[in-house]
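Per the numbering used here, the sequence shown runs over residues 907 to 1181.
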Amino acid sequence: MGPPDLPPYADMMAAYHEAFRDELRDAVAAAGAGPGDVVVDVACGDGSYSRWLAERVGPAGRVVAVDLCPSFLDLARRGVVAAGLADRVRFVRMDARHSAIADAAADLAWCAQSLYSLPDPVLAARGLSRLVRDGGRIAVFESDGLHHLSMPWPADVELALRAAELAAFQARSDRPSKFYVARDLPRVFREAGLPRCDVLATASSRRAPFDAPTRRFLTAYLANLLDRSSPFLSPEIRSRVEALVDPDAPASLLNDPDSLLVRVDLLATSPVARA
């Protein structure tokens, strides 16, 4: 068990970063950070993106990794030290809605799979833009709760499961649409006053038998999905979902020899132009 202030999804997130490491590093590269740049990693989590950004900016660059959770910052710091990049990364415990460095000082403000967790995505995008110098850019890497992962669910089960997931989000938040924020990034950027929203879809696939990191991630993801949606499922659908996500069941999505996983994320970027 991890530190008490780590969120329950921390292990799942770590497995995701390991399972899709190459594709996620490609997304970081597409954001455009280069040698000598100053980058702010907003809501840095376990620090995976901070490390990959630090590789991009090189010895002359600097990454400011910001998170509110002390244990995430400790975890991120350990990973950066282990990677030999400690001299390039500074860690700041701070609410993501506040500046980690002087306004208009960064070349890039990066926020990965965290926009949905902030109170207002538009205000968050404005906050990112305030960190960036004239001519710099912001990059938001996000997933959509409905389309992030495709697996070979029976169609009727998947439709019922996703409706139950939406009901769970509605019960949890007065703004359930934020859990589907990736599809809404062009509007978010426009309302934040950014000049444009350039969107790059990133996708990858994995075929069964799944490697160990992918299996760890999927086991945690499917258990979390069932737990979240279960109160809103009929008994018949719940029973079918339980069988499909059971890591010990031969016919589960994890063990089906024909199982195909497709992952989709969106990278939205915009230059920052100051009047």
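Beta carbons are placed, not taken as given, at the ideal position from N, Cα and C, and that holds for glycine.
Cβ pair residue i, residue j closer than 7 Å
{"i": "VAL969", "j": "PRO1027", "result": "no"}
{"i": "SER1020", "j": "ALA949", "result": "yes"}
{"i": "PRO1163", "j": "ALA1114", "result": "yes"}
{"i": "ALA1066", "j": "PHE1138", "result": "no"}
{"i": "LEU1024", "j": "ALA1030", "result": "yes"}
{"i": "ASP943", "j": "ASP1040", "result": "no"}
{"i": "LEU1172", "j": "VAL1105", "result": "yes"}
{"i": "SER1083", "j": "VAL1178", "result": "no"}
Residues sharing a beta bridge with residue i, DSSP
{"i": "ILE1044", "result": "ALA1015, SER1176"}
{"i": "ASP947", "result": "ALA971, TRP1016"}
{"i": "THR1108", "result": "ASP1171"}
{"i": "SER1056", "result": "VAL1168"}
{"i": "GLU1038", "result": "First, the residue type needs correcting, since residue 1038 is Val and not Glu in the sequence shown. Paired residues: ALA1012."}
{"i": "ARG996", "result": "VAL970"}
{"i": "ARG1113", "result": "LEU1166"}
Selection from the options that minimises the alpha carbon distance to residue i
{"i": "GLY967", "options": "PRO941, HIS1053, SER956, GLY990", "result": "PRO941"}
{"i": "ARG962", "options": "PHE926, THR1108, ARG931", "result": "ARG931"}
{"i": "TYR955", "options": "CYS975, VAL1168, VAL995, MET1057", "result": "VAL995"}
{"i": "ALA1174", "options": "ARG927, ALA933, ALA1074", "result": "ALA933"}
{"i": "SER1079", "options": "TYR1022, VAL944, ARG1180", "result": "TYR1022"}
{"i": "VAL1063", "options": "TYR1127, ARG1093, GLY990, ARG1144", "result": "ARG1144"}
{"i": "ALA988", "options": "LEU974, ALA960, PRO1082", "result": "ALA960"}
{"i": "ALA925", "options": "GLY1042, PRO1119, GLU1142", "result": "PRO1119"}
{"i": "ASP993", "options": "ALA1018, ARG957, CYS1017, ALA1011", "result": "ARG957"}
{"i": "ASP1047", "options": "ALA1018, HIS1054, ALA1069, SER1035", "result": "Per the sequence shown, the amino acid found at residue 1047 is Phe instead of Asp. For PHE1047, the nearest C-alpha among the options comes from ALA1018."}
{"i": "ASN1161", "options": "ALA936, ARG1122, LEU1132, SER1140", "result": "ARG1122"}
Counted within 10 angstroms of its Cβ, other Cβ atoms place residue i as buried (16 or more) or exposed
{"i": "LEU981", "result": "buried"}
{"i": "SER1176", "result": "buried"}
{"i": "ALA916", "result": "buried"}
{"i": "VAL1147", "result": "buried"}
{"i": "GLU1071", "result": "buried"}
{"i": "ARG927", "result": "exposed"}
{"i": "LEU1052", "result": "exposed"}
{"i": "GLY990", "result": "exposed"}
{"i": "ALA1061", "result": "exposed"}
{"i": "SER1135", "result": "buried"}
{"i": "ALA1126", "result": "buried"}
Contacting residues, own chain, Cβ-Cβ under 8 Å from residue i (five flanking each side not counted)
{"i": "ASP952", "result": "ALA916, MET919, ALA920, HIS923, PHE978, LEU981, ALA982, GLY985"}
{"i": "SER1158", "result": "ALA1149, LEU1150, VAL1151, ASP1152"}
{"i": "ALA1006", "result": "Low per-residue confidence applies at ALA1006: pLDDT is 47, beneath 50, and the placement is therefore not dependable, though the value from the model is reported in the following sentence. Closer than 8 Å at the Cβ level, and outside the excluded window around ALA1006, lie VAL946, VAL948, VAL970, VAL972, VAL998, MET1000, LEU1037."}
{"i": "SER1111", "result": "LEU1166, LEU1167, VAL1168, ARG1169"}
{"i": "TRP1059", "result": "LEU1067, LEU1150, LEU1159"}
{"i": "ALA1129", "result": "VAL1151"}
{"i": "GLY938", "result": "LEU1014, ARG1043, ALA1045, THR1175"}
{"i": "PHE1085", "result": "TYR1022, GLY1051, PHE1075, SER1079"}
{"i": "PRO1092", "result": "CYS1103, VAL1105, ALA1174"}
{"i": "ASP1090", "result": "PRO1027, SER1083"}
Any C-beta of chain C under 7 Å from that of residue i
{"i": "ARG1121", "result": "Among the chains in the structure shown there is no chain C, since it carries only a single protein chain."}
Contacting residues, own chain, Cβ-Cβ under 7 Å from residue i (five flanking each side not counted)
{"i": "GLY1194", "result": "Residue 1194 lies beyond the stretch modelled for the chain, which goes from 907 to 1181, so this question has no answer here."}
{"i": "ALA1107", "result": "VAL1170, LEU1172"}
{"i": "PRO976", "result": "ASP911, ARG999"}
{"i": "ALA859", "result": "Since the first residue of the chain shown is 907 and the last is 1181, residue 859 is not available in this structure."}
Contact set for residue i: own chain, Cβ-Cβ below 6 Å, skip 5 residues either direction
{"i": "SER1056", "result": "VAL1168"}
{"i": "GLU1097", "result": "VAL1028"}
{"i": "ARG1180", "result": "ASP1040"}
Distance cut-off 6 Å: residue i Cβ against heavy atoms of the ligand MN
{"i": "ASP1050", "result": "This structure does not include the ligand MN; it has no bound ligands of any sort."}
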